[in-house]
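J.: This structure is in structure tokens; I'll ask about it shortly.
Number of protein chains: 2
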Amino acid sequence: MRYPDDTAGTRAQRAAVARSRGATHPPGHIIWDRPGYLVRRLHQIHVAMFLGRVAEGKVTPIQYGLLSILVRRPNIDQLTIGEELGLDRANVADILKRLEARKLVARVVDPGNRRRKLCLATARGAELVRRHHADMQASQAQLLAPLAPAEREVFMALLSRLVERNNASGRTSLSDRPEAAVPPTRAAAPCGRSAEH
Amino acid sequence: MRYPDDTAGTRAQRAAVARSRGATHPPGHIIWDRPGYLVRRLHQIHVAMFLGRVAEGKVTPIQYGLLSILVRRPNIDQLTIGEELGLDRANVADILKRLEARKLVARVVDPGNRRRKLCLATARGAELVRRHHADMQASQAQLLAPLAPAEREVFMALLSRLVERNNASGRTSLSDRPEAAVPPTRAAAPCGRSAEH
DNA sequence: CCATGATCGTCAGTACCCTAACTGTTTGCG
DNA sequence: CGCAAACAGTTAGGGTACTGACGATCATGG
């Protein structure tokens, strides 16, 4: 990841553009000029990297992400988890079922609202998150390793913006702010439950 | 995907970085500073956009991509398709099976090498590709719509580079060059990183 | 000419990801 | 109060993606 000029960002970016405009990717290939396919491919690569580096492949990126959220915010319900991760509720249930089978999370029916199930990481689950946090970080960094530091910033900025702005276009939109606001429907206020009933 | 205007990227890029560094994404969220999750999410969004816009959701991005390749290069075998798209051979077989069931592709055993099956798009398949090409393009453009033209170039350049350079880290590496060489022997191009030609 | 190894495709199994329909619970309004 | 609407979770079903094992087919070398 050592580029001759990572000092200015600008220069590196121009170089990158020039490179892509050059004959690097011959026009025969369907993939290289369709952002959707490149994103799919990069996602695929990230999963492979993650599995190859974190917890001997015993935990997937999405499982790890879900566990991370549970560690940070115990006793949230499944819909909220879905919003945090941008997942469908059926999918959340699916993943949770696997994690529960492995005793990494536990679910209990919310006594204050019996429709809900409150989820939280078990000691084993929390331990797993703690132990592999560094590897997870490394795996994230590895994905961006081919870019110079300045380019990483640019890439992340653009990527965030794309996700944020296109958020609504996805079926499952992920909530922009975790604890704040979130439209009154399902206001998820952790304490509001008892006051509300 | 030719985006005009590549002048004046610099200012827009700096603005993007500044934006992301701002308080847009509160620290409570796991997602926003982990590239892997953002990429996953963007992929997800792209699929939703594609299905919502192309062929009334009757064809998925990967199916369309596969069909596109078949139109461009009739009579290729399944492994080669996998290399073009960055897919596992089991996965290719799976997708092909669905497309074949819908009479969009046909497969015949290669008489010259009976291990192989040569695939090609049927008239119906080719027609489908032709008819929805514009919508597919629009769906690709829609993904990048939130970015200014200059930013799109930058993003695509960085994205391409990430895919290209991390290619080997994925389980299924996609071949860098389409028709160039890659003789019948599926040479796996160990030197393949020859993108520099 | 046959044994060995490489190659291509398939199958089974697992995980992720969505939609749509269904069950139970809560809420709200007449 | 009572019932309809809204809500949380589950189930069923289709599609993407990988691994590992297997059968069939070629390609070599002894």
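As they're listed, the protein sequences go chains Z and S.
Under the numbering used here, think of the first position of the first sequence as 134, with each following residue one higher.
Under the numbering used here, think of the first position of the second sequence as 134, with each following residue one higher.
Idealized CB from N, CA, C, for every residue including glycine.
#1: Are there three or more Cβ pairs, one per stretch, closer than 8 Å when the segment 249 to 264 of chain Z is compared with the segment 183 to 202 of chain Z?
#2: Going straight from the alpha carbon of leucine 293/Z to that of leucine 276/S, what length do you get?
#3: Where does the unbroken beta strand (DSSP E) through alanine 254/Z begin, and where does it stop?
#4: With a cut-off of 7 Å, does the C-beta of leucine 277/S fall near any C-beta of chain Z?
#5: Can you name the residues that DSSP bridges to arginine 240/S?
#6: Just checking my contact of arginine 167/Z with glutamine 273/S at CB under 8 Å: how many whole Å lie between their CB atoms?
#7: Going by other Cβ atoms of all chains shown within 10 Å of its Cβ, with 16 needed for buried, is proline 194/S buried or exposed?
#8: Take the Cβ of valine 192/Z as the centre, count every other Cβ of all protein chains shown within 10 Å, and call the residue buried at 16 or more, exposed below.
#9: So, with DSSP's three-state summary, where would you put isoleucine 163/Z?
#10: Classify leucine 210/Z as helix, strand or coil using the three-state DSSP reduction.
#11: State the start and end residues of the unbroken alpha helix (DSSP H) segment that holds lysine 191/Z.
#12: Distance, Cα to Cα, aspartate 268/S vs arginine 240/S?
#13: Hey, arginine 222/Z and leucine 212/Z are a contact pair by Cβ (cut 8 Å); roughly how many whole angstroms apart?
#14: Using a Cβ-Cβ cut-off of 7 Å, state whether proline 282/S counts as contacting chain Z.
#15: DSSP three-state label for arginine 235/Z, please.
#16: Where does leucine 246/Z fall in DSSP's three states?
#17: Alpha helix (DSSP H) containing asparagine 300/S: first to last residue?
#18: Determine the direct distance from the alpha carbon of aspartate 227/S to that of phenylalanine 288/Z, and round the result to whole angstroms.
#19: Below 8 Å on the Cβ atoms is my guess for leucine 295/S versus leucine 175/Z; work out the distance and round it to an integer in Å.
#20: In angstroms, rounded to a whole number, what distance separates the CA positions of histidine 265/S and isoleucine 164/Z?
#21: Tell me, to the nearest whole angstrom, how far the beta carbon of alanine 271/Z is from that of arginine 186/Z; I am working on the premise that it is less than 8 Å.
#22: Does proline 194/Z get closer than 7 Å to chain S when you measure Cβ to Cβ?
#23: What residues in the segment 169 to 183 of chain Z bring their beta carbon closer than 7 Å to a beta carbon of chain S?
#24: Kindly indicate which residue of Arg247/Z, Asn299/Z, Gly169/Z, Leu203/Z has the alpha-carbon position closest to the one of glutamate 260/Z.
#25: Can you give the Cα-Cα distance for glutamate 216/Z and valine 262/Z, rounded to whole angstroms?
#26: Within its chain, find whatever has a CB closer than 6 Å to the CB of aspartate 309/Z; leave out the 5 residues flanking it on each side and keep chain order.
#27: Starting from the beta carbon of glutamate 217/S, find every residue of chain Z whose beta carbon is closer than 8 Å, and list them in chain order.
#28: Spatial neighbours of proline 244/Z within its chain, please: C-beta separation below 7 Å, excluding the five flanking residues on both sides.
#29: What in chain Z is Cβ-close to arginine 167/S, meaning under 7 Å?
#30: Please report the straight-line C-alpha distance between proline 207/S and arginine 231/S, rounded to a whole angstrom.
#31: 7 Å is my cut-off, CB to CB: does asparagine 299/S come that close to chain Z?
#32: Leucine 292/Z touches chain S at which residues, Cβ-Cβ below 8 Å?
#33: Of all the CB atoms in chain Z, is at least one closer than 7 Å to the CB of isoleucine 202/S?
#34: Helix, strand or coil for glycine 219/Z? Go by DSSP, reduced to three states.
#35: Consult DSSP for proline 279/Z and reduce its assignment to one of helix, strand or coil.
T.: Here's the rundown:
#1: yes
#2: The sequence shown places serine at residue 293/Z, rather than the leucine named in the question. Cα to Cα, serine 293/Z sits roughly 12 Å from leucine 276/S.
#3: 250 to 254
#4: yes
#5: Cys252/S
#6: The Cβ separation is near 5 Å, so the contact holds.
#7: buried
#8: buried
#9: In the displayed model, isoleucine 163/Z falls within coil according to three-state DSSP, outside both helix and strand.
#10: It is aspartate, not leucine, that sits at residue 210/Z in the sequence shown. Strand.
#11: Segment: none, lysine 191/Z is in no alpha helix (DSSP H) and carries neither H nor E.
#12: 27 Å
#13: 6 Å
#14: no
#15: coil
#16: Just to set this straight, residue 246/Z is asparagine in the shown sequence, not leucine. Asparagine 246/Z falls in the coil class under three-state DSSP.
#17: Per DSSP, asparagine 300/S belongs to no alpha helix (DSSP H) and is neither H nor E.
#18: 34 Å
#19: 6 Å
#20: 17 Å
#21: 6 Å
#22: Under the 7 Å criterion on CB atoms, proline 194/Z is classed as interfacial with respect to chain S.
#23: Gly169, Tyr170, Leu171, Val172, Arg173, Arg174, Leu175, His176, Gln177, Ile178, His179, Ala181, Met182, Phe183
#24: Leu203/Z
#25: 20 Å
#26: Only weak support exists for where aspartate 309/Z lies, its pLDDT of 47 falling under 50; the coordinates are left without a value.
#27: His162, Ile163, Ile164
#28: Excluding sequence neighbours, proline 244/Z sits near nothing in its chain.
#29: Gln273
#30: 18 Å
#31: Residue-level contact check: asparagine 299/S touches chain Z, since one or more beta carbons of chain Z fall below 7 Å from its beta carbon.
#32: Pro168, Leu171, Val172, Leu175, Phe288
#33: True, the Cβ-Cβ gap to chain Z drops below 7 Å.
#34: coil
#35: coil
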